[in-house]
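First the structure, in the form of structure tokens, and then the observations on it.
In the UniProt record's numbering, the protein residues as written are 1 to 518.
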């Protein structure tokens with residue numbers, strides 16, 4: 001092992017944060033390819049629906065208060081791959097169109113630190129329609145220091161005091177990935193946990209992810225009375241920790257809190273925060289907490305201290321909504337930093353209906369169970385679960401093989417529901433670099449269902465995005481689709497291509513012979 005073992009850093013200033021920043025700036029959207037950095041749990045249609053319903057409720061509340069003319073800005077912090085933004089916008093537009101009620105206009109702003117991400121979003125075919133409608137824009141935002149937003153397409157700077165509506169913030173997997181302080185509480189005293197870093201010599205110094213994966217932090221305790229003085233900005237919550245906690249390591253979100261303070265200044269009307277993370281809002285979960293472990297997944301993440309954020313904002317008059325039950329994988333909160341937060345009835349009802357009663361964390365727990373129960377499921381159960389998750393592509397990919405096994409006994413109604421589900425899934429699909437080919441799986445299932453026209457459309461899409469020649473079985477399926485649709489010339493062409501890939505395939509040879517005779 002090597003490294004700067006002798007050099008001690010304040011935790012928020014340790015080299016890990018610069019490596020994290022370098023990783024995302026170097027990788028751009030490639031950081032999320034094949035889930036190298038996890039994104040599904042915070043970016044699926046289920047959580048997007050919950051957020052869209054709360055945003056819709058907020059727009060209703062503002063309309064009910066007579067604020068119909070000024071635009072509501074929805075700012076997503078750390079928008080990453082862009083999948084969450086896409087699903088939220090799609091669902092929000094559906095709800096607004098269905099409701100047909102007067103609402104204030106809105107614009108959704110995706111923000112992140114790496115410039116590469118913004119360039120990729122601007123080119124993503126699924127996002128372009130929203131840009132063209134004028135409801136989506138992009139901004140580069142540094143959570144550590146920026147005080148204003150510059151909207152790329154509108155060519156507009158949003159400065160403190162510019163917004164006439166409350167700012168609506170979306171922050172998933174955000175607070176766990178930005179610099180945090182690390183303090184230790186014992187016997188009523190506060191200590192700062194400084195860190196020294198060791199890492200393996202085998203880690204290439206030019207590869208931030210490799211270096212992050214081999215880091216071993218060592219902690220050193222330094223008395224920090226400066227946290228205890230009444231002039232410290234977050235003295236109240238620190239005092240609470242002194243009174244309630246013993247032998248506890250606490251990740252303290254100074255950067256997260258100051259980021260919220262800077263963003264709050266953009267609007268004269270306050271803000272609403274929708275956030276989901278591996279984070280704790282209950283003080284008892286910080287009791288006797290061990291030093292943090294760096295959870296490595298390309299980059300790294302820590303536990304977010306929702307308790308501190310909630311406490312500080314509530315001291316300023318906010319109302320916080322977190323589930324009364326304990327979360328398993330993802331803690332989802334809604335904090336209303338507004339005048340008279342209780343008057344935002346529809347926003348609060350959105351949280352109660354779509355998070356508290358049964359929410360994205362509950363769904364993810366069920367999905368983890370369901371992934372292992374597919375062999376015991378019938379097609380109706382698979383369809384119900386798919387519908388519950390908003391016709392999510394991930395569930396379809398996992399269940400396609402099982403659906404194929406069940407097709408021979410499926411009823412006509414189940415076939416129609418499956419066909420409709422594939423259409424809805426495809427219209428809500430956000431393409432990313434993944435290890436699976438969704439259009440191929442959809443096409444082959446439709447082929448097995450004798451839905452030849454739709455099957456052919458999906459199989460052709462698959463061929464278009466893949467440079468390699470398809471398997472003979474796929475080419476054969478395309479030949480049959482064309483034959484059933486009366487395009488015998490195209491059928492013969494695909495059959496010959498299948499034979500070139502697999503010259504010993506007698507079924508393909510028989511098809512070529514039959515088509516040639518015709």
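The C-beta atom is built at its ideal place from N, Cα and C for all residues, glycine as well. It should be emphasised that the depicted structure is a prediction, and the values quoted were computed from it without experimental measurement.
Suppose contacts are defined by Cβ-Cβ distances below 7 angstroms. Is residue i in contact with residue j by that definition?
i, j, result
"residue 222", "residue 194", "yes"
"residue 266", "residue 158", "yes"
"residue 323", "residue 368", "no"
"residue 472", "residue 517", "no"
"residue 169", "residue 273", "yes"
"residue 250", "residue 224", "no"
"residue 216", "residue 227", "no"
"residue 308", "residue 337", "no"
"residue 443", "residue 459", "yes"
"residue 344", "residue 61", "yes"
"residue 269", "residue 165", "yes"
"residue 42", "residue 167", "no"
"residue 288", "residue 339", "no"
"residue 142", "residue 113", "yes"
"residue 144", "residue 255", "yes"
Mind reading off the beta-carbon distance from residue i to residue j? Whole number of angstroms is fine, and I expect it under 8 angstroms.
i, j, result
"residue 176", "residue 304", "4 angstroms"
"residue 16", "residue 212", "7 angstroms"
"residue 95", "residue 56", "5 angstroms"
"residue 181", "residue 130", "Incorrect: roughly 37 angstroms between the Cβ atoms, too far for contact."
"residue 11", "residue 78", "So it is not a contact: roughly 20 angstroms between Cβ atoms."
"residue 120", "residue 140", "Incorrect: roughly 13 angstroms between the Cβ atoms, too far for contact."
"residue 19", "residue 208", "4 angstroms"
"residue 508", "residue 483", "Not a contact, Cβ separation roughly 13 angstroms."
"residue 462", "residue 440", "4 angstroms"
Kindly list the residues whose CB is nearer than 6 angstroms to the CB of residue i, restricted to its own chain and excluding five residues on each side of it in sequence; keep chain order.
i, result
"residue 310", "281 and 320"
"residue 262", "147"
"residue 370", "385"
"residue 374", "399 and 402"
"residue 53", "350 and 354"
Got a sec, what are the start and stop residues for the beta strand (DSSP E) residue i sits in?
i, result
"residue 185", "181 to 186"
"residue 149", "149 to 151"
"residue 219", "216 to 223"
"residue 198", "189 to 198"
"residue 285", "Note, residue 285: premise wrong, no beta strand (DSSP E); not H, not E."
"residue 252", "248 to 252"
"residue 439", "Careful: residue 439 lies outside any beta strand (DSSP E), inside the alpha helix (DSSP H) at 438 to 448."
"residue 169", "167 to 172"
Suppose the cutoff is 7 angstroms on Cβ atoms and the five residues either side in sequence are ignored; what does the same chain contact list for residue i look like?
i, result
"residue 284", "none"
"residue 68", "102 and 104"
"residue 424", "391"
Measure the alpha-carbon distance for residue i versus residue j and round it to whole angstroms.
i, j, result
"residue 171", "residue 496", "53 angstroms"
"residue 390", "residue 377", "19 angstroms"
"residue 271", "residue 75", "10 angstroms"
"residue 457", "residue 412", "22 angstroms"
"residue 365", "residue 491", "45 angstroms"
"residue 312", "residue 138", "29 angstroms"
"residue 421", "residue 47", "19 angstroms"
"residue 244", "residue 431", "48 angstroms"
"residue 293", "residue 302", "7 angstroms"
"residue 22", "residue 13", "14 angstroms"
"residue 384", "residue 81", "28 angstroms"
"residue 107", "residue 380", "39 angstroms"
"residue 330", "residue 290", "20 angstroms"
"residue 233", "residue 259", "14 angstroms"
"residue 478", "residue 494", "7 angstroms"
"residue 414", "residue 407", "9 angstroms"
"residue 438", "residue 360", "23 angstroms"
"residue 2", "residue 185", "Note that residue 2 scores 45 on pLDDT, short of 50, meaning its location in the model is unreliable and no value can be drawn from it."
"residue 510", "residue 488", "14 angstroms"
"residue 387", "residue 219", "48 angstroms"
"residue 118", "residue 133", "18 angstroms"
"residue 51", "residue 512", "53 angstroms"
Starting from residue i, follow the alpha helix (DSSP H) in both directions and report where the run begins and ends.
i, result
"residue 540", "Past the edges of the chain, shown from 1 to 518, lies residue 540, and the structure says nothing about it."
"residue 483", "472 to 484"
"residue 57", "45 to 64"
"residue 154", "Residue 154 -> no alpha helix (DSSP H), and no H or E assigned at all."
"residue 311", "306 to 315"
"residue 596", "With the chain running from 1 to 518 in the structure shown, residue 596 is simply not present."
"residue 362", "360 to 371"
"residue 23", "15 to 27"
"residue 493", "488 to 501"
Within a Cβ cutoff of 8 angstroms, which residues of the same chain sit near residue i, ignoring the five residues on either side of it in sequence?
i, result
"residue 45", "87, 91, 389, 390, 391, 392 and 428"
"residue 115", "25 and 140"
"residue 9", "15, 194, 195, 196 and 197"
"residue 236", "311, 312 and 315"
"residue 264", "167, 270, 271 and 337"
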